[in-house]
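Input: a single structure, listed below in structure tokens.
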Amino acid sequence: MNINKFFTAIGLSSVLVFSSCDKVIEVEPEFSKDGSQIFTNLEDYQFALTGAYALLRQTGYYGNGPQVTGAFSVLPDMMSEHVAETNNELGNYVTQTDWTYAADDTDIATTWLAAYSVITQANSVIRNIDNFASVNQDEVNKIKGQALAIRGMVHFDLLRYWGEDYSRNSTAKGVPYRTVIDLEERPARLDVKTTYDNIFRDLLEAETLLGTKVVNTSTSAVNARAYIDRLVVRAMLARVYLYAKDYANAESYATLVINERPLASKTNFPNIWKDASAAEVIWAVAFNPGEGNPVSGIYTASSNNLGYRPTSNILALYDQANDIRFPAYFASRATGASAPILPFASNARKITNKHVGRGTATDNVVNWKAFRTGEMYLIRAEARALKATPDFVGALADLNTLREARINNYTPLIATGSALINAIAEERQRELYAEGHRWFDLKRTTKTITRSDCGTATSCSLAPTSRSWTWPIPQGELLANPNIPQAQQTTGY
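In structure tokens:
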């Protein structure tokens with residue numbers, strides 16, 4: 001199914017998503033072609049914006065389903081060496097985790113369509129909202145800024161899977177960039193540079209529009225960081241600049257975020273994963289009962305179905321006695337739905353405990369922590385170590401600051417040069433386990449995946465030259481979109 005046909009399927013000719021997937025606004029047929037004249041007041045735009053947030057919970061994006069797991073939540077860890085497939089997996093995600101996908105892969109098409117449905121919803125918010133500037137300019141800026149940030153971020157996420165290179169000025173194949181609602185538009189596949197140009201345009205405009213506006217007003221830990229403000233946009237920019245190898249800007253934006261949002265205390269850190277604290281959370285995509293969950297693909301806590309277990313490789317990276325992340329991320333649980341979750345034991349069945357549920361719940365219903373301050377320290381450390389004139393002293397200070405916050409009785413590391421760069425990369429594994437980073441970190445640093453603890457997987461090694469690092473454009477898109485001919489298909493498919 002191509003992008004345009006999908007727009008029709010989700011209802012641009014008849015409906016647009018509002019504050020939840022079952023709340024819609026009817027659109028007269030004469031307005032269905034270009035999306036104009038849909039909204040009559042700013043409240044309509046706000047409802048439509050809430051719909052864009054809701055679409056991020058789709059299976060294929062952050063949400064998990066019985067056949068499709070969250071492409072931007074736990075799948076990047078499942079595709080790496082962080083977890084190992086078990087006999088309980090039943091082959092639901094095996095084409096992704098064994099890297100055997102092709103252009104007709106249903107799961108890949110689901111992610112493609114999920115992402116562009118979010119983009120369509122964001123475009124519906126941006127469309128004509130400036131006409132209401134005379135009504136309330138601040139509100140227009142707040143709504144439009146969030147929609148632009150969502151549009152830029154989602155296109156970047158698409159680039160992470162479908163981009164053939166991450167370098168800022170690369171002429172390799174990127175992704176189509178949609179900025180309008182037009183069912184007759186057939187967007188071409190842009191190169192990476194032009195894709196980045198559009199992403200940065202949207203994010204930088206969002207940063208300006210949001211300014212110091214207060215977007216998050218809830219005092220509840222569950223909802224305190226549910227919406228995109230300038231801080232979130234700056235975290236997005238720090239991440240994108242790191243991928244683009246623009247290390248000066250990555251350092252600068254990470255610093256802005258760090259200065260505003262400090263690391264969690266050792267006491268508060270475990271509470272983050274139960275949604276009992278929003279300490280150091282920059283943006284969390286909200287999940288509530290009845291709205292699915294972001295993580296069941298890796299471990300379904302309610303039924304105690306362990307599809308993917310943490311590997312011996314990842315477990316060995318931690319100081320298990322002193323690292324506060326270890327008991328927050330890992331535990332032991334015998335088989336059976338009623339079995340209690342117990343502290344980690346090396347001779348027991350091992351589970352990922354990071355996203356089990358709020359409080360004592362075991363339903364996997366937790367917010368997806370899309371951006372945290374811990375990542376910002378790692379971005380700044382890496383950027384300082386890799387920029388044109390390396391700042392190894394500053395990079396080491398960042399690494400030690402993060403490790404001091406996470407490890408009791410910590411002795412500061414002494415390292416420089418390549419040893420320090422490797423230590424930063426290893427710390428990303430410890431800090432960001434099961435947060436949707438590992439596959440992309442390996443891709444952007446052109447590393448080989450070696451699964452020495454391979455579980456039941458049939459593929460245990462992936463060279464950096466493999467076509468599998470970049471996903472194919474779905475076959476339905478190629479068939480329906482003349483502006484993405486077979487020659488523009490991802491190399492090797």
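For what it's worth, full-length UniProt numbering labels the leading residue of the sequence shown as 1, then goes sequentially.
Beta carbons: idealized from backbone N, C-alpha and C, even for Gly.
Glu164 carries a coil assignment under DSSP once its states are collapsed to helix, strand and coil.
Assignment of Ile379 by DSSP, reduced to helix, strand and coil, places it in the helix class. By the Cβ-count criterion, Gly163 is buried, with 16 or more other Cβ atoms from all chains shown falling within 10 Å of its own Cβ. The beta carbon of Glu260 lies closer than 7 Å to those of Leu231 in the same chain, with the five residues before and after it left out. Within the same chain, Trp469 come within 6 Å of Lys443 by CB-CB distance, once the 5 residues on both sides are set aside. In the three-state reduction of the DSSP assignment, Ser80 falls in the coil class, being assigned neither a helical nor a strand state.
By the beta-carbon neighbour count (other beta carbons within 10 angstroms, threshold 16), Asn353 is buried. The beta-bridge partner set that DSSP reports for Lys369 consists of Ala284. For Ala133, same chain residues with a beta-carbon under 6 Å away, outside a window of 5 residues either side, are Val140 in chain order. Phe269 carries a helical assignment under DSSP once its states are collapsed to helix, strand and coil. DSSP links Asn305 through a beta bridge to Thr300. In chain order, Gly374 place their CB closer than 6 Å to the CB of Glu431, counting only its own chain and leaving out the 5 sequence neighbours on each side. Pro310 sits in a strand when the DSSP states are folded into three classes. With 16 or more other Cβ atoms from the protein chains shown falling within 10 Å of its own Cβ, Ser296 counts as buried. If you draw a straight line from the Cα of Asn367 to the Cα of Glu427, it comes to about 23 Å. When Arg372, Gln486, Thr465 and Ile424 are compared, the shortest CA-CA separation from Glu435 is found for Arg372. Cα atoms of Ala345 and Ala331: separation of roughly 7 Å, rounded to the nearest angstrom. Inter-residue distance for Gly417 and Asp275 is about 38 Å (C-alpha atoms, whole angstroms).
Straight-line spacing of the CA atoms in Leu396 and Ile414 works out to 8 Å.
With 16 or more neighbouring CB atoms inside 10 Å of its own CB, Asn400 falls in the buried class.
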